[in-house]
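J.: Residue numbers (our numbering): 1 to 305. Input: one structure, supplied below.
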(Lines of atoms letter the chains of each structure in order from A and count residues from 1; the text may use other names and numbers.)
(Lines give C-alpha, C1' and ligand atoms only; values in the text may rest on other atoms or scores of the structure.)
Protein backbone atom coordinates (compact mmCIF):
# COMPACT_ATOMS: atom_id res chain seq x y z
CA UNK A 1 0.00 0.00 0.00
CA UNK A 2 1.14 3.54 -0.77
CA UNK A 3 0.51 6.62 1.31
CA UNK A 4 -0.05 10.16 0.06
CA UNK A 5 -0.79 13.68 1.22
CA UNK A 6 -4.58 13.68 1.02
CA UNK A 7 -7.46 13.72 1.08
CA UNK A 8 -8.67 11.98 -2.06
CA UNK A 9 -8.89 14.44 -4.93
CA UNK A 10 -5.73 16.43 -4.18
CA UNK A 11 -3.05 17.01 -6.79
CA UNK A 12 -0.89 14.59 -4.79
CA UNK A 13 -3.58 11.95 -5.25
CA UNK A 14 -3.52 12.66 -9.00
CA UNK A 15 0.26 12.23 -8.99
CA UNK A 16 -0.05 8.86 -7.22
CA UNK A 17 -2.63 7.67 -9.76
CA UNK A 18 -0.34 8.76 -12.60
CA UNK A 19 2.46 6.73 -11.06
CA UNK A 20 0.46 3.67 -9.95
CA UNK A 21 -3.13 3.78 -11.31
CA UNK A 22 -4.23 0.59 -9.55
CA UNK A 23 -2.29 0.85 -6.29
CA UNK A 24 -4.02 0.54 -2.94
CA UNK A 25 -3.54 3.91 -1.30
CA UNK A 26 -4.07 5.60 2.05
CA UNK A 27 -4.40 9.39 2.44
CA UNK A 28 -2.79 11.32 5.28
CA UNK A 29 -3.86 14.83 6.34
CA UNK A 30 -0.37 16.35 6.19
CA UNK A 31 3.01 15.89 4.54
CA UNK A 32 4.77 15.08 7.85
CA UNK A 33 2.22 12.35 8.61
CA UNK A 34 2.57 10.84 5.12
CA UNK A 35 6.36 10.74 5.55
CA UNK A 36 6.03 9.38 9.09
CA UNK A 37 3.87 6.55 7.77
CA UNK A 38 6.63 5.55 5.35
CA UNK A 39 9.19 5.73 8.16
CA UNK A 40 7.05 3.58 10.45
CA UNK A 41 6.37 0.97 7.78
CA UNK A 42 2.62 1.65 7.77
CA UNK A 43 2.90 1.98 3.98
CA UNK A 44 5.53 0.83 1.51
CA UNK A 45 6.16 4.39 0.33
CA UNK A 46 4.46 7.79 0.29
CA UNK A 47 3.85 10.39 -2.40
CA UNK A 48 4.34 14.01 -1.35
CA UNK A 49 4.80 17.32 -3.20
CA UNK A 50 8.34 18.71 -3.21
CA UNK A 51 8.47 21.61 -5.68
CA UNK A 52 6.15 23.95 -7.54
CA UNK A 53 7.18 25.94 -10.61
CA UNK A 54 5.55 29.08 -9.16
CA UNK A 55 6.12 28.79 -5.40
CA UNK A 56 9.36 26.81 -5.34
CA UNK A 57 10.13 24.13 -2.77
CA UNK A 58 7.52 22.68 -0.42
CA UNK A 59 9.06 23.43 2.97
CA UNK A 60 7.27 20.66 4.88
CA UNK A 61 8.66 18.03 2.52
CA UNK A 62 12.17 19.50 2.39
CA UNK A 63 12.39 19.70 6.18
CA UNK A 64 10.77 16.43 7.25
CA UNK A 65 12.35 14.34 4.51
CA UNK A 66 15.83 14.79 5.97
CA UNK A 67 15.05 15.46 9.61
CA UNK A 68 14.31 12.12 11.26
CA UNK A 69 15.38 8.49 11.53
CA UNK A 70 15.21 6.00 9.97
CA UNK A 71 16.34 7.69 6.74
CA UNK A 72 14.08 8.03 3.72
CA UNK A 73 15.08 7.96 0.07
CA UNK A 74 13.35 9.34 -3.02
CA UNK A 75 12.86 6.56 -5.55
CA UNK A 76 10.63 8.21 -8.18
CA UNK A 77 9.44 11.64 -9.21
CA UNK A 78 6.21 12.66 -10.91
CA UNK A 79 5.44 16.01 -12.54
CA UNK A 80 1.87 17.08 -13.30
CA UNK A 81 0.35 20.23 -14.73
CA UNK A 82 -1.65 22.24 -12.21
CA UNK A 83 -5.01 23.74 -13.16
CA UNK A 84 -7.50 25.31 -10.76
CA UNK A 85 -11.27 25.86 -10.89
CA UNK A 86 -13.32 28.30 -8.85
CA UNK A 87 -15.80 25.76 -7.48
CA UNK A 88 -19.14 26.64 -5.89
CA UNK A 89 -22.38 25.02 -4.77
CA UNK A 90 -24.96 24.81 -7.58
CA UNK A 91 -26.82 28.07 -8.01
CA UNK A 92 -24.04 30.29 -6.66
CA UNK A 93 -23.10 33.24 -8.87
CA UNK A 94 -19.87 35.22 -8.96
CA UNK A 95 -21.64 38.05 -7.18
CA UNK A 96 -22.50 35.70 -4.29
CA UNK A 97 -18.87 34.84 -3.55
CA UNK A 98 -17.67 36.59 -0.41
CA UNK A 99 -15.38 33.97 1.17
CA UNK A 100 -12.99 31.65 -0.72
CA UNK A 101 -11.01 28.77 0.75
CA UNK A 102 -7.98 26.89 -0.62
CA UNK A 103 -4.49 25.57 0.15
CA UNK A 104 -1.71 28.20 0.57
CA UNK A 105 0.21 27.06 -2.54
CA UNK A 106 -2.97 27.24 -4.61
CA UNK A 107 -3.75 30.68 -3.22
CA UNK A 108 -0.35 31.95 -4.35
CA UNK A 109 -1.04 30.77 -7.89
CA UNK A 110 -4.43 32.48 -8.32
CA UNK A 111 -4.02 35.77 -6.46
CA UNK A 112 -4.01 37.82 -9.65
CA UNK A 113 -7.22 36.24 -10.94
CA UNK A 114 -8.97 36.66 -7.60
CA UNK A 115 -7.85 40.29 -7.31
CA UNK A 116 -9.20 41.04 -10.79
CA UNK A 117 -12.46 39.11 -10.53
CA UNK A 118 -13.26 38.97 -6.79
CA UNK A 119 -11.49 42.01 -5.33
CA UNK A 120 -13.69 42.14 -2.23
CA UNK A 121 -13.72 38.42 -1.42
CA UNK A 122 -11.90 37.13 1.67
CA UNK A 123 -9.35 34.40 0.91
CA UNK A 124 -8.71 31.80 3.62
CA UNK A 125 -5.71 29.47 3.33
CA UNK A 126 -5.72 26.08 5.05
CA UNK A 127 -5.72 22.30 4.60
CA UNK A 128 -5.72 21.06 1.02
CA UNK A 129 -7.53 21.96 -2.18
CA UNK A 130 -9.65 18.80 -1.91
CA UNK A 131 -10.56 19.60 1.69
CA UNK A 132 -11.54 23.07 0.50
CA UNK A 133 -13.92 21.55 -2.05
CA UNK A 134 -15.37 19.26 0.61
CA UNK A 135 -15.93 22.23 2.92
CA UNK A 136 -17.74 24.27 0.26
CA UNK A 137 -19.92 21.28 -0.63
CA UNK A 138 -21.38 21.43 2.88
CA UNK A 139 -24.67 23.39 2.59
CA UNK A 140 -24.00 25.01 5.98
CA UNK A 141 -20.48 26.13 5.08
CA UNK A 142 -19.53 29.75 5.66
CA UNK A 143 -17.41 29.59 2.50
CA UNK A 144 -18.92 30.36 -0.89
CA UNK A 145 -16.18 29.01 -3.17
CA UNK A 146 -13.11 26.79 -3.27
CA UNK A 147 -10.04 27.00 -5.45
CA UNK A 148 -9.39 23.36 -6.28
CA UNK A 149 -8.56 20.81 -8.93
CA UNK A 150 -11.31 19.86 -11.39
CA UNK A 151 -11.27 16.28 -10.01
CA UNK A 152 -12.06 17.55 -6.49
CA UNK A 153 -14.83 19.80 -7.81
CA UNK A 154 -16.46 16.85 -9.56
CA UNK A 155 -15.97 14.57 -6.57
CA UNK A 156 -17.95 16.86 -4.28
CA UNK A 157 -20.67 17.83 -6.75
CA UNK A 158 -19.64 21.45 -7.19
CA UNK A 159 -19.95 23.67 -10.24
CA UNK A 160 -17.16 25.69 -11.83
CA UNK A 161 -17.72 29.43 -12.08
CA UNK A 162 -14.38 29.62 -13.90
CA UNK A 163 -11.81 27.14 -15.22
CA UNK A 164 -8.02 27.47 -15.40
CA UNK A 165 -7.80 30.49 -13.12
CA UNK A 166 -4.02 30.10 -12.69
CA UNK A 167 -2.04 33.30 -13.01
CA UNK A 168 0.76 31.38 -14.74
CA UNK A 169 -0.03 29.16 -17.70
CA UNK A 170 1.92 25.94 -17.73
CA UNK A 171 2.44 25.77 -13.96
CA UNK A 172 3.53 22.32 -12.78
CA UNK A 173 4.11 20.63 -9.45
CA UNK A 174 6.73 18.00 -8.83
CA UNK A 175 6.00 15.08 -6.50
CA UNK A 176 8.26 12.36 -5.14
CA UNK A 177 7.71 8.77 -4.06
CA UNK A 178 9.62 8.24 -0.82
CA UNK A 179 10.45 4.98 0.99
CA UNK A 180 12.58 3.90 3.93
CA UNK A 181 16.20 3.55 2.93
CA UNK A 182 16.37 0.08 4.51
CA UNK A 183 13.24 -1.32 2.85
CA UNK A 184 13.08 -3.48 -0.24
CA UNK A 185 10.89 -0.85 -1.88
CA UNK A 186 13.69 1.71 -1.71
CA UNK A 187 16.29 -0.33 -3.62
CA UNK A 188 18.15 2.42 -5.44
CA UNK A 189 16.86 2.84 -8.99
CA UNK A 190 19.48 1.92 -11.54
CA UNK A 191 21.23 4.63 -13.53
CA UNK A 192 19.31 5.66 -16.64
CA UNK A 193 21.44 8.52 -17.97
CA UNK A 194 18.68 11.01 -17.12
CA UNK A 195 18.77 11.02 -13.33
CA UNK A 196 18.67 13.34 -10.33
CA UNK A 197 20.38 13.02 -6.98
CA UNK A 198 18.92 14.82 -3.96
CA UNK A 199 20.86 15.62 -0.81
CA UNK A 200 21.19 18.15 2.01
CA UNK A 201 24.53 19.80 2.77
CA UNK A 202 25.21 21.26 6.22
CA UNK A 203 27.93 23.92 6.48
CA UNK A 204 30.71 23.14 8.93
CA UNK A 205 30.91 26.81 9.91
CA UNK A 206 29.30 30.04 8.80
CA UNK A 207 31.99 32.10 7.11
CA UNK A 208 32.60 34.10 3.96
CA UNK A 209 32.64 31.70 0.99
CA UNK A 210 31.01 28.75 2.80
CA UNK A 211 28.38 28.28 0.11
CA UNK A 212 31.02 28.77 -2.60
CA UNK A 213 33.02 25.91 -1.12
CA UNK A 214 29.98 23.64 -1.43
CA UNK A 215 29.27 24.70 -5.00
CA UNK A 216 32.91 24.28 -6.02
CA UNK A 217 32.80 20.58 -5.12
CA UNK A 218 30.05 20.19 -7.71
CA UNK A 219 31.30 22.62 -10.35
CA UNK A 220 34.84 21.22 -10.60
CA UNK A 221 33.35 17.79 -11.32
CA UNK A 222 30.91 19.01 -13.97
CA UNK A 223 27.80 18.41 -11.85
CA UNK A 224 24.97 20.80 -12.73
CA UNK A 225 22.20 21.66 -10.25
CA UNK A 226 18.45 21.44 -10.87
CA UNK A 227 17.51 23.12 -7.56
CA UNK A 228 19.19 24.62 -4.52
CA UNK A 229 17.38 26.10 -1.54
CA UNK A 230 18.52 27.25 1.88
CA UNK A 231 16.54 25.87 4.80
CA UNK A 232 16.88 26.72 8.51
CA UNK A 233 18.49 23.99 10.58
CA UNK A 234 16.03 24.86 13.39
CA UNK A 235 18.88 25.14 15.88
CA UNK A 236 19.83 28.82 16.09
CA UNK A 237 18.79 31.95 14.23
CA UNK A 238 20.81 32.32 11.05
CA UNK A 239 21.84 28.65 10.87
CA UNK A 240 21.02 27.21 7.43
CA UNK A 241 21.59 24.08 5.38
CA UNK A 242 21.21 23.63 1.62
CA UNK A 243 18.72 21.29 -0.03
CA UNK A 244 20.04 20.36 -3.47
CA UNK A 245 18.94 18.45 -6.56
CA UNK A 246 21.87 17.64 -8.86
CA UNK A 247 21.94 16.15 -12.33
CA UNK A 248 23.25 12.62 -12.32
CA UNK A 249 23.23 9.40 -10.33
CA UNK A 250 25.23 8.19 -7.35
CA UNK A 251 26.74 5.56 -9.68
CA UNK A 252 28.15 8.34 -11.90
CA UNK A 253 31.80 8.96 -11.04
CA UNK A 254 31.36 12.74 -11.11
CA UNK A 255 28.40 12.64 -8.67
CA UNK A 256 30.08 10.16 -6.33
CA UNK A 257 33.23 12.30 -6.33
CA UNK A 258 31.24 15.46 -5.58
CA UNK A 259 29.46 13.82 -2.64
CA UNK A 260 32.79 12.56 -1.28
CA UNK A 261 34.19 16.07 -1.52
CA UNK A 262 31.17 17.52 0.21
CA UNK A 263 31.42 14.97 3.01
CA UNK A 264 34.98 16.15 3.66
CA UNK A 265 34.17 19.87 3.85
CA UNK A 266 30.65 19.84 5.33
CA UNK A 267 29.51 19.13 8.86
CA UNK A 268 27.16 16.56 7.37
CA UNK A 269 25.68 15.45 4.05
CA UNK A 270 22.32 13.66 4.04
CA UNK A 271 21.81 11.57 0.90
CA UNK A 272 18.14 11.44 -0.13
CA UNK A 273 18.26 9.32 -3.26
CA UNK A 274 19.18 8.95 -6.92
CA UNK A 275 16.24 8.39 -9.25
CA UNK A 276 15.09 8.90 -12.87
CA UNK A 277 14.03 12.39 -13.95
CA UNK A 278 10.37 12.60 -14.91
CA UNK A 279 11.18 14.78 -17.93
CA UNK A 280 13.94 12.35 -19.08
CA UNK A 281 16.28 15.25 -19.92
CA UNK A 282 19.84 14.00 -20.46
CA UNK A 283 22.44 16.31 -18.88
CA UNK A 284 25.05 18.09 -20.98
CA UNK A 285 28.23 16.73 -19.41
CA UNK A 286 31.62 18.32 -20.15
CA UNK A 287 33.95 15.85 -21.86
CA UNK A 288 36.35 15.96 -18.92
CA UNK A 289 33.54 14.91 -16.53
CA UNK A 290 32.33 11.92 -18.56
CA UNK A 291 32.54 8.35 -17.30
CA UNK A 292 35.15 7.67 -19.98
CA UNK A 293 37.35 10.52 -18.79
CA UNK A 294 37.14 9.36 -15.19
CA UNK A 295 38.00 5.80 -16.22
CA UNK A 296 40.94 6.95 -18.37
CA UNK A 297 42.36 9.10 -15.57
CA UNK A 298 42.06 6.20 -13.14
CA UNK A 299 43.88 3.92 -15.57
CA UNK A 300 46.63 6.52 -15.94
CA UNK A 301 46.95 6.90 -12.17
CA UNK A 302 47.18 3.13 -11.67
CA UNK A 303 49.92 2.97 -14.29
CA UNK A 304 52.12 5.27 -12.20
CA UNK A 305 52.44 2.76 -9.40
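Glycine included, each C-beta is placed from N, C-alpha and C at the ideal position.
Can you give me the Cβ contacts of residue 143 inside the same chain, cut-off strictly under 8 Å, excluding the 5 residues immediately before and after it?
T.: Taking the first residue of the chain shown as 1, we reach residue 143 at position 143. Excluding sequence neighbours, residue 143 sits near 99, 100, 101, 124, 132, 135, 136.
J.: Which residue wins for smallest C-alpha separation from residue 306, given the options 70, 184, 224, 237?
T.: This structure does not reach residue 306, given that the chain is present from 1 up to 305, and the question cannot be answered.
J.: Closest to residue 96 by C-alpha separation, out of 87, 104, 22, would be which residue?
T.: Looking up residue 96 in the chain shown gives position 96. Measuring from the Cα of residue 96, the nearest candidate turns out to be 87.
J.: Let me confirm a value: residue 260 is counted as buried when at least 16 other C-beta atoms fall within 10 Å, else exposed. Which label applies?
T.: Residue 260 sits at position 260 when you count from the first residue of the chain shown. Per the 10 Å Cβ criterion, exposed.
J.: Would the beta-carbon of residue 77 fall within 9 Å of that of residue 174?
T.: Taking the first residue of the chain shown as position 1, residue 77 is located at position 77. Taking the first residue of the chain shown as position 1, residue 174 is located at position 174. Their beta carbons are under 9 Å apart, which means residue 77 touches residue 174 by this criterion.
J.: Can you name the residues that DSSP bridges to residue 271?
T.: Here the question's residue 271 lines up with position 271 in the chain shown. According to DSSP, residue 271 bridges with 199.
J.: If you scan the segment 120-151 from start to end, which runs of the alpha helix (DSSP H) of 4 or more residues do you find wholly inside it?
T.: Whole alpha helix (DSSP H) segments, 4+ residues: 129-137.
J.: Could you give the residue range of the beta strand (DSSP E) that holds residue 234?
T.: Translated into positions along the chain shown, residue 234 becomes position 234. Per DSSP, residue 234 belongs to no beta strand (DSSP E) and is neither H nor E.
J.: Using only alpha-carbon positions, find the residue among 249, 52, 5 that is nearest to residue 82.
T.: Stepping through the chain shown from its first residue, residue 82 is reached at position 82. Comparing Cα positions, the closest option is 52.
J.: Would you kindly work out how many angstroms separate the C-alpha atoms of residue 91 and residue 117, rounded to a whole number?
T.: In the chain shown, the residue the question calls residue 91 occupies position 91. In the chain shown, the residue the question calls residue 117 occupies position 117. Approximately 18 Å between the Cα atoms of the pair.
J.: Per DSSP, residue 27 is paired with what?
T.: The count along the chain shown starts at 1 and reaches residue 27 at position 27. DSSP, once it has assigned bridges, lists 4 as partnering residue 27.
J.: Just curious, the beta strand (DSSP E) that residue 87 is in, first and last residue?
T.: For the purposes of this step, residue 87 is identified with residue 87 of the chain shown, where counting begins at 1. That run of the beta strand (DSSP E) goes 85-88.
J.: Counting Cβ pairs closer than 8 Å, one from the segment 14-27 and one from the segment 59-69, do we hit at least three?
T.: No, because fewer than three Cβ pairs between the segment 14-27 and the segment 59-69 fall closer than 8 Å, the two stretches do not touch.
J.: Do residue 189 and residue 281 count as a contact pair if the criterion is CB distance below 9 Å?
T.: One-based indexing of the chain shown puts residue 281 at position 281. One-based indexing of the chain shown puts residue 189 at position 189. The answer is no: Cβ separation not under 9 Å.
J.: On the DSSP bridge assignment, give the partners of residue 244 in chain order.
T.: For this step, residue 244 is matched to residue 244 along the chain shown. The partner list for residue 244 (beta bridge, DSSP) reads 199, 228.
J.: Please determine, among 154, 211, 298, 255, the residue with the shortest C-alpha to C-alpha distance to residue 266.
T.: Within the chain shown, numbered from 1, the residue matching residue 266 stands at position 266. Here the closest residue by C-alpha is 211.
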